[in-house]
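Undergrad:
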Amino acid sequence: MTARPPLTWRLGLEDDIAVAASGHAGVTAEWAWRGATGRGVRVCVVDSGIEPDHPMVGRIDGSYAVRAGADGGAVVVESEAGDSCGHGTACAGIIRSIAPECELHSVQVLGAGFSGTGDAFVTGLRWAIDQGFDVVSLSLSTRRRHLAEPLRELGDLAYFRGTVLVASAHNLPVESFPWRFSSVISVGSHAENDPDLILYNPRPPVEFFAHGSEVEVAWPGGGRTRCTGNSFATPHVAGRCALIMSKHPGLTPFQVKTVLYQTSQNVREER
Amino acid sequence: MNANSEIVAAISTAVAGSDQDHRVLLQSIVDTARVIFEASASSIFLVNEEHGDLVFEAVSGEGEAFLVGRRFPSTKGIAGWVLNSRDALIVNDLSTSTVFARDIAESTAYVPGALMAAPLIYEDEALGVLEVLDPRPGARTGIDELTLLTLFAGQASAALRIVQRNRHARRILDGADGELGELAAIVSTLAQGDNGRREAGLRLIRSLHELLVDNRS
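Each protein sequence line maps, in turn, to chains A and B.
Counting in this note's numbering, the first sequence runs from 1 upward without gaps.
Counting in this note's numbering, the second sequence runs from 1 upward without gaps.
1) Taking Cβ positions only, does H54 of chain A come closer than 7 Å to chain B?
2) Do you know whose CA, among A:P253, A:I50, A:A65, lies nearest G221 of chain A's CA?
3) Quick one: does T234 of chain A have its CB under 7 Å from some CB of chain B?
4) Using a Cβ-Cβ distance cut-off of 7 Å, determine whether S231 of chain A contacts chain B.
5) Please determine, among A:S264, A:F254, A:V267, the residue with the shortest C-alpha to C-alpha distance to D134 of chain A.
6) Report the three-state DSSP secondary structure of V213 of chain B (helix, strand or coil).
7) Given that V91 of chain B touches chain A, what residues does it touch there, using C-beta distances under 9 Å?
8) Hey, out of A:F208, A:R126, A:G111, whose CA is closest to V75 of chain A's CA?
9) According to DSSP, is D47 of chain A helix, strand or coil?
10) If you draw a straight line from the alpha carbon of Y200 of chain A to that of L120 of chain B, how long is it in whole angstroms?
11) Which of the three DSSP states, helix, strand or coil, is assigned to A21 of chain A?
12) Please look up how many angstroms separate the CB atoms of G38 of chain A and L243 of chain A, rounded, as I've assumed it's under 8 Å.
13) Taking all protein chains shown into account, do 16 or more other C-beta atoms lie within 10 angstroms of the C-beta of A39 of chain B, making it buried, or fewer, making it exposed?
14) Given T123 of chain A, which residues of its chain have a CB within under 6 Å of its CB, disregarding the five upstream and five downstream residues?
15) For a cutoff of 7 Å on Cβ pairs, would you count R85 of chain A as touching chain B?
16) Would you call the stretch 103-113 of chain A and the stretch 56-70 of chain A touching, i.e. three or more CB-CB distances under 8 Å?
17) Give me the chain A residues within the contact set of N48 of chain B, using Cβ-Cβ distance strictly less than 9 Å, ordered along the chain.
18) Does the stretch 165-172 of chain A come close enough to the stretch 184-192 of chain A to have 3 or more Cβ pairs within less than 8 Å?
19) Note down the Cα distance separating T225 of chain A from N193 of chain A, rounded to an integer number of angstroms.
20) Check whether the Cβ of E210 of chain B sits closer than 6 Å to any heavy atom of the ligand NAP, and report yes or no.
21) Helix, strand or coil, according to DSSP, for C227 of chain A in the structure here?
22) Would T142 of chain A count as contacting chain B if we go by Cβ distances under 7 Å?
23) Going along the chain, which residues of the stretch 92-107 of chain A sit with their C-beta nearer than 7 Å to a C-beta in chain B?
24) Measuring only between beta-carbons, confirm whether I143 of chain B sits less than 7 Å from chain A.
25) Check whether chain A comes within 7 Å of L146 of chain B, counting only Cβ atoms and requiring the distance to be less than that.
26) Just the C-alpha distance for A92 of chain A and V57 of chain A, rounded to the nearest angstrom, thanks.
27) Could you pull out every residue in the same chain whose Cβ sits closer than 6 Å to the Cβ of L25 of chain B, ignoring the five residues on either side in sequence?
28) Whole angstroms are fine: how far does the CA of G88 of chain A sit from the CA of T263 of chain A?
29) Does the beta carbon of A21 of chain A come closer than 7 Å to any beta carbon on chain B?
30) Give a yes or no on whether the C-beta atoms belonging to A252 of chain B and Q27 of chain B are separated by under 7 Å.
31) Would you tell me roughly how many angstroms separate the C-alpha atoms of G61 of chain B and T75 of chain B, rounded to the nearest one?
32) Taking the straight line between their C-alpha atoms, what separation do you get for I129 of chain A and E182 of chain B?
33) By DSSP, does W219 of chain A sit in helix, in strand, or in coil?
34) Between the Cα of A218 of chain A and those of A:F209, A:V46, A:R96, spot the shortest distance and give me the residue it belongs to.
35) Which value, in whole angstroms, describes the spacing of the CA atoms of R203 of chain A and L151 of chain B?
36) Are A156 of chain B and I36 of chain B close, meaning C-beta to C-beta below 7 Å?
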C-alpha cells in the first residue's frame, strides 16, 4: 500500500515532531566544526568558473557553465572553460583552505557568454539546487528587481531541500538579491585580519560578518596575492558550513545557520 | 520607442550637453577620487559599445596628458577582473599579482605598486571601471575604504551613463547623413541665443514650418 499524500500542512503527532537536540551550551566551536575537513560535503561555487589545477584550489569535482541553448534560452553544460576573470578561483581557494577535503564544483555564470540579463545567474543557481549540493557559495548579487521573486523562490527551494545558500551582501546599503532573503546565510566583511573570525550581526539584514580584508587568495595563472574585497568573506562562511555539515551530516540549513550563530565569536564572548 | 520618438530623444540629448561638458564632469570625478585617497592617479574606463574594449575616458594625475582615448581588452588586467566579476577590489602589492596587466601599465608609462578598483554599474549593467592608483597606504587597506570607493563609483556610474546616452544619441544623429545633426545644431544655437535672437529665429522656423505644411497639402 502506498503512503497517502498529505492533504494539508500540519505539524503532525507528537512522535513525528521529536527532534534530537543539543543544548545551547553544548554547541561550541569544538563540538561544531573543530577537527573537521569537509569530507563528504559537496560545495558548489556559482561564479566566474574555477581555474583547473590551481595549487590553492586542488581537485575540481565538476565544472559547468551556463550557455545559450538551441532555443536561445539558458542551459547548463559541462565546461572546460576555466575561469573567465579569476573571481571564482579566488573564492574556491578560500573554501579549499578551510575545508580541504570537501568536493568542489563550479558553475560559471559570470562572463559565461550568456550574462548581462541575470538569466545565467538564475539558471546556474537553479541547476545547483537541483543537483542537491550541500553548500552553494554565491559571491555575487543582482539589483534587477524582476529577478527578486525567482531568486526568492530558489532561496526557499534550497532551504527546504537542505542546500545551504551562502550569499555575499552588497557592501552598500542597497537592495540586491539573493542575500537579503532570510532563507539564505548573508555575509559581509569585517575589518579584522583573522580568517577564523565569524561574527553574528544582531542587526540584520546582513546576518554574519567574516574575513574580507587583506585576504590571501588564488589568482589566475596559478598565482596568489593578498587583497581586500567584500565577496571574499562569503567563501569563509561557506567553508565553515562545509566543516559543520561534514562533522554533523544531515543538519538542515536552519540548523546550520543556528550553529553558525551559536559559534560566532561575539556570541560566545558575551556569555 | 518608435523611430520618431527616438529621434526626438536623440536631439534632446544632443542639445542638452556636449561631449566636452561630460568630459568635464568625468574629470572632476577622477580629480576628486585622487584627492580623497591621496593617490598618484585615478582613471575612469568605459566599455565601448561597438568593439567591447575598455577605453580611458578620464585620467587625473600620472598619464593625464596622453591616456584618454587609449583602449585595451576588457578581459585584461585588474580592470577586467573588476568589470567581469562586478566586484570592488584593493590590491596592495601588485608585484605579486598575476592578474595585473603589467604590459598595459608599462605601455601607459606608469606602473603602480597598489591599486583600488570598483565596477561602474548602472541599473545592473556594468558600464566601466573606476581605478585609483597608488593611494596613500593608510587610505586604502580596509573594507571601509572599499565601501567609500564603491559609494563614489555610484556617482561616476551615473555620469558615465549620461555620456553613453549622449554618444548613442550622437550616433543616431550622424546616421541620417548628418541631417539630423544639423537640425540639432540649429536647435542648440537657438537655445543658447539671447531673447531677441531666439524670438527672431523662432519666427523664421515657424514661417518655414508653415511653408512646408502648405506645400505638403
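Here a beta-carbon is modelled for each residue, glycine too, at the ideal position from N, C-alpha and C.
Nothing here was measured: the structure is a model prediction, and the numbers come from that model.
TA: This is what the structure gives:
1) No, because no Cβ of chain B sits closer than 7 Å to the Cβ of H54 of chain A.
2) The shortest Cα separation from G221 of chain A among A:P253, A:I50, A:A65 belongs to A:I50.
3) Contacts with chain B at 7 Å (Cβ-Cβ) do not include T234 of chain A.
4) yes
5) A:F254
6) helix
7) T225, R226, C227, T228
8) Measuring from the Cα of V75 of chain A, the nearest candidate turns out to be A:R126.
9) strand
10) 30 Å
11) For A21 of chain A, the pLDDT reaches just 49, beneath the cut-off of 50, and the residue's location in the model is therefore unreliable, leaving the point undetermined.
12) 6 Å
13) buried
14) V66, A74
15) With the sequence shown as reference, residue 85 of chain A is identified as Cys, and Arg is not the correct amino acid for it. Chain B, which has a Cβ nearer than 7 Å to the Cβ of C85 of chain A, makes this yes.
16) yes
17) In chain order: nothing, as chain A lies at least about 16 Å away.
18) yes
19) 15 Å
20) The model depicted lacks the ligand NAP and carries no ligand whatsoever.
21) strand
22) yes
23) none
24) Yes - at least one Cβ of chain A is within 7 Å of the one on I143 of chain B.
25) For L146 of chain B, the answer is yes, since a Cβ of chain A falls inside 7 Å of its Cβ.
26) Taking the straight line joining both Cα atoms gives about 6 Å.
27) The answer, listed in chain order, is A159.
28) 27 Å
29) Interpretation of A21 of chain A is limited by its pLDDT of 49, a score under 50 that renders its predicted location unreliable; no figure is taken from the coordinates.
30) In the structure displayed, chain B extends from 1 to 217; residue 252 of chain B sits before or after that span and is not available.
31) 25 Å
32) 57 Å
33) strand
34) If we check each option's Cα against that of A218 of chain A, A:R96 comes out closest.
35) 22 Å
36) no
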